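Below is one structure, written out as structure tokens; the observations come after it.
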DNA sequence: CTGAAAGCGCTTACAG
DNA sequence: CTGAAAGCGCTTACAG
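Chains as they are written, first to last, in my numbering: chain A, 290 to 629; chain B, 290 to 629.
Given below as structure tokens:
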């Protein structure tokens with residue numbers, strides 16, 4: 290329909306139409322668009338007026354062909370953990386006054402997307418990538434970082450050079466959990482970790498856990514079980530722990546969601562929380578507050594992590610090459626699940 | 290660096306390099322890429338081999354300039370409701386054997402993104418849009434549909450022409466909840482609905498609730514409260530209900546998450562669930578299964594909804610113009626929260 | 001069945 | 001400070 294000539298397509302206004310309307314060149318409009326230097330206030334005002342009048346919106350694909358798309362890719366391991374919502378809030382806050390828009394992808398969904406989601410974000414010319422809870426190797430991350438500015442959240446690699454990392458101090462978080470449990474009178478403290486891809490944050494937490502146990506003179510009671518994120522698996526692991534010969538009197542779980550399942554299993558087994566078994570989670574997600582859970586948890590300031598990650602990736606886009614590793618101290622939020 | 294000439298950019302292999310490697314034209318490679326008609330098996334095989342050898346990946350931006358980006362935009366209201374994870378699973382299943390990739394955005398985060406996330410997806414040349422839990426008006430949705438194939442999930446508009454809808458039968462879902470509660474011996478049944486933008490799914494559920502109450506001869510006990518999704522707000526509304534003069538003996542909540550908060554409030558008030566108050570949620574998310582919640586809920590088959598939505602949007606991309614409205618029947622999953 | 005050429009809407013040197 | 005022209009990597013008619 291509507292024979293070209295005026296460059297219409299899909300009803301979209303193009304940069305050429307804005308230029309014609311404002312009586313300036315296409316290049317001038319482009320400069321205004323990018324807040325580039327070398328445009329007079331008068332020209333800028335004229336162009337802005339035309340853009341508003343015509344309802345102009347630049348096409349990201351076209352921009353991406355030569356410059357940026359002003360899009361950041363955020364990769365989440367899954368959509369079930371409400372902790373990621375906190376991170377997302379921080380990311381959005383950081384982007385509020387910028388031209389950047391964030392698009393999310395899930396890494397652990399179908400086979401196709403396993404690592405493919407990052408590639409597909411690169412194919413889509415994302416200007417930068419934020420990877421949450423990655424279990425990729427250093428080399429693999431370096432390969433990504435070669436192509437696009439990269440920041441990881443929840444991946445410890447303090448000697449990485451090619452990409453920035455943003456973390457809470459997971460070792461300290463686990464330590465806080467153990468100390469808190471010890472102070473509350475628990476001694477047979479087990480840890481429930483994640484099975485599968487080796488994760489640096491879990492390695493850190495396991496180390497913090499061991500440290501805390503040894504520190505309290507409980508080195509002999511160290512007991513690390515693990516399960517995948519599949520519900521049935523977690524139930525099985527929890528039952529093994531709670532019905533086994535070395536039944537713990539407290540369990541430190543690697544994330545709130547798992548901790549809630551452990552509470553569920555304990556309840557079904559007729560064990561009382563916190564009297565028979567104390568439970569600690571990680572992330573301090575909103576579910577911890579519910580009276581039926583009242584779960585003690587480690588807060589790692591997800592919103593701050595997201596804010597920092599967005600800030601760092603934009604800095605990289607703007608040319609920073611020196612690496613930055615941001616670490617926030619965790620803090621324990623005590624609730625009834627450990628108040629023996 | 291690396292003076293052009295061979296067309297390298299950012300280490301990316303271009304379609305031209307593939308063409309040169311295979312000894313064919315760029316147009317031929319493009320056809321193979323799109324599985325377009327009119328290429329011999331021999332040529333296709335040659336090109337495929339070259340693509341593999343060089344590790345070629347088409348640049349979505351460039352494709353988008355003329356044709357498709359093979360990207361679908363999925364808009365979620367927020368990241369806190371685990372129900373969306375079910376929908377996402379279905380979407381990914383539908384996309385498994387296709388070239389399409391899905392990118393997600395959040396609609397209800399910051400001011401900037403309120404409705405802007407859809408526009409920004411259009412700017413990014415998404416081939417189609419799936420909108421979850423939209424509260425936009427018919428005209429507003431029509432405007433989107435004019436620009437891109439659109440499918441909504443959780444938005445009832447059976448006479449819409451320009452876009453497809455995918456839903457469970459919310460009216461029936463609410464009816465099931467009321468009937469179940471009545472059968473369990475509850476009679477002062479309240480509903481806790483969502484305050485804010487008028488939502489067609491909540492309108493449907495409220496109607497189903499009213500219908501169920503009247504049907505059971507409980508028309509006089511109809512009592513609809515509402516709260517935003519903010520935790521404090523929900524707590525306040527729940528307290529008002531449970532401490533008010535017309536204290537209900539059961540509450541039907543518009544989503545599981547809210548129901549869990551209501552259980553929390555009831556527990557804190559010293560009320561027993563299900564003895565003093567029965568609770569029903571909606572979505573049958575995995576949290577319902579936890580022993581400490583054991584929440585009766587309405588299952589709306591999120592995975593199926595996602596699968597259908599993805600299927601429909603791809604059909605639209607491929608040229609279908611006749612509208613489709615897909616509705617799945619809900620089913621109630623009874624648990625302890627209503628077993629008086 | 002195959003390919004040369006135009007063009008999508010921008011940005012980027014470069015010249016004025 | 002401003003603009004004309006080339007070009008990003010694809011797809012799309014069109015011609016052979």
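For glycine and all other residues, C-beta sits at the position ideal for the given N, C-alpha and C. None of the values given here were measured: they were computed from a predicted structure.
What does residue 525 of chain B reach in chain A if we use C-beta pairs closer than 7 Å?
None at all; the shortest Cβ gap to chain A is about 15 Å.
Hey, is residue 491 of chain B close to the ligand NAP, as in C-beta under 8 Å from one of its heavy atoms?
For the ligand NAP, the structure offers nothing, since it holds no ligand at all.
Buried/exposed call for residue 375 of chain A, threshold 16 Cβ in 10 Å:
buried
Consult DSSP for residue 303 of chain A and reduce its assignment to one of helix, strand or coil.
coil
Would DSSP call residue 431 of chain A helix, strand or coil?
helix
Do you know how far the Cα of residue 496 of chain B is from the Cα of residue 517 of chain B?
19 Å
Hey, which unbroken runs of the alpha helix (DSSP H) at 4 residues or more fall wholly within the region 420-473 of chain B?
427-436 and 459-472
Report the neighbours of residue 347 of chain B on chain A: residues whose CB is nearer than 8 Å to its CB, in chain order.
412
Closer than 8 Å between beta carbons: that is the criterion. Which residues of the region 440-463 of chain A meet it against chain B?
none
So, at 6 Å on beta carbons, what are the nonlocal neighbours of residue 363 of chain A in its own chain, with the 5 sequence-adjacent residues on each side left out?
391, 393 and 419
Just to confirm the assignment: which complete beta strand (DSSP E) runs, minimum length 3, are found wholly within the region 562-596 of chain A?
567-571 and 585-588
Name the chain A residues that come within less than 8 Å of residue 557 of chain B, Cβ to Cβ?
580
Taking DSSP as the reference, what is the three-state secondary structure of residue 393 of chain A?
strand
Would you mind giving the Cβ-Cβ distance between residue 512 of chain B and residue 479 of chain B, rounded to the nearest angstrom? I have them listed as a contact below 8 Å.
4 Å
What's the gap between the Cα of residue 384 of chain B and the Cα of residue 603 of chain B?
9 Å
If we call anything under 9 Å between Cβ atoms a contact, is residue 619 of chain A one with residue 459 of chain A?
yes
Output yes if chain B places a C-beta closer than 9 Å to the C-beta of residue 610 of chain A; else output no.
no
Rounded to whole angstroms, what is the Cα-Cα separation between residue 457 of chain A and residue 490 of chain A?
9 Å
Give the range of the alpha helix (DSSP H) segment to which residue 343 of chain A is assigned.
330-343
Give the residues of chain B in contact with residue 369 of chain A, contact being defined as C-beta atoms less than 8 Å apart.
371, 374 and 575
Residue 403 of chain B in three-state terms, based on DSSP:
Confidence is the limiting factor: at residue 403 of chain B the pLDDT is only 48, short of 50, which leaves the residue's position unreliable and the question unanswerable from this model.
In the structure shown, what three-state DSSP assignment does residue 611 of chain B receive?
coil
Can you tell me the Cβ-Cβ gap for residue 551 of chain B and residue 527 of chain B, rounded? I've got them flagged as a contact below 8 Å.
5 Å
For residue 563 of chain B, count neighbouring Cβ atoms within 10 angstroms of its own Cβ and tell me buried if that reaches 16, exposed if not.
buried
Please decide whether residue 351 of chain B counts as near chain A, where near means a Cβ-Cβ distance under 9 Å.
yes
For the region 338-346 of chain B against the region 564-572 of chain B, do three or more pairs of beta-carbon atoms, one drawn from each stretch, fall closer than 8 Å, so that the two count as touching?
no
Among residues of its own chain, excluding the 5 on either side of residue 294 of chain B, which ones have a beta-carbon nearer than 8 Å to its beta-carbon?
Caution is warranted here: a pLDDT of 30 is assigned to residue 294 of chain B, below 50, making its placement in the model unreliable, and the coordinate value is therefore given only provisionally. So the list is empty, once near-sequence residues are dropped.
What are the start and end residues of the beta strand (DSSP E) that includes residue 258 of chain A?
Lying outside 290 to 629, the shown extent of chain A, residue 258 of chain A is not represented and no answer is given.
Is it the case that the Cβ atoms of residue 470 of chain A and residue 543 of chain A are separated by a distance below 9 Å?
no
At 9 Å on the CB atoms, spell out the chain A contacts of residue 390 of chain B, in chain order.
394, 401, 402, 405, 406, 409, 410, 412 and 413
To which residues of the same chain is residue 464 of chain B closer than 7 Å at the C-beta, ignoring the five residues directly before and after it?
497, 500 and 501
Leaving out five residues before and five after residue 403 of chain A in sequence, what residues of the same chain have Cβ atoms less than 6 Å from its Cβ?
Residue confidence is low: residue 403 of chain A scores 48 on pLDDT, short of 50, so the model does not pin down where it sits. Its coordinate-derived value is still stated next. Hits under 6 Å: none found.
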